[in-house]
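Have a look at the structure below before the remarks.
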Amino acid sequence: MTKNSSIIPLLAAVVATTTSSGTYVGNATKMAIVLAGASITSGNGVFTFDVSMDPVGTTSPTWVAYNRMVDNVTNTNAQTDTRIASKTLSSNTSVVLFVPDADMISLFRTTVTRTTDGAYSAKLLIQTDG
86 MTKNSSIIPL LAAVVATTTS SGTYVGNATK MAIVLAGASI TSGNGVFTFD
136 VSMDPVGTTS PTWVAYNRMV DNVTNTNAQT DTRIASKTLS SNTSVVLFVP
186 DADMISLFRT TVTRTTDGAY SAKLLIQTDG
């Protein structure tokens, strides 16, 4: 079966607290998000995530805080994946987080809460069956 991949920009070098629009991900079989921070000298950006089960086109979706993002951290074979509700970037860096394959999501969005400085970006990577 053919797999299709898409990269969807959610936030592009924002310099204020910002929430992305809701992105339809209902056909995704795999999802990851790349978060980036730049021009950070003393502040940080805290990314949080919301999901909705409402259908695409819903005027006012019901958003729920998503606390199951899988962090890309080292652990032993005996440990399970590390799930997080937020990710803080305090230096000029990029990180990747994953959505567990079994989670059913229709809409996805992220918010970055910016403190003193920095520009923050987020890109959603989705894979769908062709």
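If you're matching positions, the sequence shown starts at 86 in my numbering and goes up one per residue.
Ideal Cβ placement from N, Cα and C applies to all residues, glycine included.
Just so you know, these numbers come straight off a predicted model, no measurement behind them.
Worksheet entry | T114 CB to nearest heavy atom of the ligand MN below 8 Å | With respect to small molecules bound, the structure shown includes none, and the ligand MN cannot be examined in it.
Discussion item. Closest to V184 by C-alpha separation, out of R199, R194, G203, T200, would be which residue?
Written reply: Taking the sequence shown and counting its residues from 1, one reaches residue 184 at position 99. The option with the nearest alpha carbon to V184 is R194.
Discussion item. For M189 and D139, what's the separation of their Cα atoms in angstroms?
Written reply: Within the sequence shown, the letter at position 104 stands for residue 189. Within the sequence shown, the letter at position 54 stands for residue 139. Annotation: M189 to D139 spans about 11 Å, alpha carbon to alpha carbon.
Discussion item. In the DSSP output, what is Y109 paired with across the bridge?
Written reply: Here residue 109 refers to the residue found at position 24 of the sequence shown. Looking at the DSSP assignment, Y109 forms a beta bridge with L192.
Fill in: Counterpart residues of Q212 in DSSP-defined beta bridges
The residue labelled residue 212 in the question sits at position 127 within the sequence shown. Under DSSP, Q212 forms a beta bridge with S90, K115.
Discussion item. Applying the 10 Å Cβ sphere with the 16-neighbour rule, what's the burial state of M154?
Written reply: Translated into the one-based positions of the sequence shown, residue 154 becomes position 69. Buried is the call here.
Worksheet item: How about A150 and D135: are their beta carbons less than 9 Å apart?
Response: On the sequence shown, residue 150 is found 65 positions in, with the first residue counted as 1. On the sequence shown, residue 135 is found 50 positions in, with the first residue counted as 1. Yes, these two residues count as a Cβ contact at 9 Å.
Item to complete: Using DSSP bridges, identify the partner residues of V184.
Response: Here residue 184 refers to the residue found at position 99 of the sequence shown. For V184, the pairing in a beta bridge is given by DSSP as M116.
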